[in-house]
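> Handing you this structure, nothing more for now.
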Amino acid sequence: MSENSGLGDEIEDVIMQALTHRERRNILKIIDHSNGGVIYSGILGETGLSTGRLNYHLKELEGFIEKDEERRYQLTSLGKKAVRLMRGIRDDLDDSYEGYVSVAKASRRTFINRNLDRAFYVIAVLLLIGPLITVWLYTVNPQTWWIGGLTWTFYLILVYLMDRVRKGSPKYLLGFINWLEWRLYGDGKKGERKVSFPGSRLVIGLLVGLAIGAIFDKTGAGLLLGLFIGAALEI
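Numbered per the numbering used here, the sequence shown spans residues 920 to 1154.
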């Protein structure tokens, strides 16, 4: 009984994680609606995704889909269970659900804003240490006023840019943070964390942000994004 319960929990986890992305849900529906499976180009044409993005989602759906001898994509038993779950959600829908959906979406927005606000203020306070040190330096040696001026200017600009990042697209930013946390910190087969050294969340967040910044040649923006991701993961 306990083994079945554990397997059921794992199935719930992987299905819910796979279904969190609309494009993956659409891929499962396309394969389900096809007669005898669908080839790669068929999925590519119906979804309108780029090959890179489609390949990523197909990789994420391993275990839910598989290729037959003719290289057509078919649903596995797990994939069929996921599709049945989606069908069940759409059964017996009426107007009474609109109110509940609105409440759930509002709650989600509140959660997103609260977490990003918390990360923003934590980072702003930590970064304030540098400017405060320049105040002390000025009391010791007034000729260092220009260092303080530059530091405070940099600090205010940095806080302003972080605030813009925070307010720009919080939904997508937090969604990425949730995905990253699941990929890096989800329990392993033996209940052990995949990454566990102290401060690892902040370090990984910074590395991810810097990598994204390097890709788009926006190192500064990548650093800000990394600080947000790392702080949100730590919190």
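Every residue, glycine too, gets a C-beta built ideally from N, C-alpha and C.
Would you please state the rounded distance, in angstroms, between the beta carbons of I950 and L994? I believe it to be under 8 angstroms.
6 angstroms
> For Y1079 and G1067, which I take to be in contact (beta-carbon distance under 8 angstroms), what is that distance rounded to the nearest angstrom?
No, Y1079 and G1067 are not in contact; Cβ-Cβ is about 18 angstroms, not under 8 angstroms.
> Contact check, V1002 vs L947 under 8 angstroms by CB: the rounded distance?
6 angstroms
> When you compare only the Cα positions, how much space is there between Y1019 and T1063?
59 angstroms
> With E979 as the anchor, note down where its alpha helix (DSSP H) starts and where it stops.
T970 to E979
> Do you know offhand how far A937's Cα is from E1017's?
24 angstroms
> Relative to the C-alpha of G927, which candidate in I1048, Y975, K1000 and N954 has its C-alpha closest?
K1000
> Could you check where the beta strand (DSSP E) with I984 kicks off and where it finishes?
I984 to K986
> Use the C-beta contact count for T939: other C-beta atoms within 10 angstroms, 16 or more gives buried, fewer gives exposed.
exposed
> Within the continuous alpha helix (DSSP H) that includes L963, where are the two ends?
Annotation for L963: the continuous alpha helix (DSSP H) segment containing it runs Y959 to T966.
> Which same chain residues, not among the five before or five after L997, have their C-beta less than 6 angstroms away from its C-beta?
G982 and F983
> Apart from the five residues on each side of it in sequence, which residues of its chain come closer than 6 angstroms, Cβ to Cβ, to P1117?
Interpretation of P1117 is limited by its pLDDT of 44, a score under 50 that renders its predicted location unreliable; no figure is taken from the coordinates.
> Where does L1004 sit, in a helix, a strand or coil, going by DSSP?
helix
> Leaving out five residues on either side along the sequence, give the residues of the same chain with a beta carbon under 6 angstroms from the beta carbon of D1082.
none
> If you check the beta carbons only, do Y1074 and L1046 fall under 9 angstroms apart?
yes
> Would you say G956 and E979 are within 9 angstroms of each other, going by their C-beta atoms?
no
> For I1008, count the other beta carbons within 10 Å of its own beta carbon; 16 or more makes it buried, fewer makes it exposed. Which is it?
exposed
> What separation, rounded to the nearest whole angstrom, lies between the Cα atoms of I934 and R991?
22 angstroms
> Please list, in chain order, all residues of the same chain as T970 whose beta carbon is under 6 angstroms from its beta carbon, the five residues on each side excluded.
none
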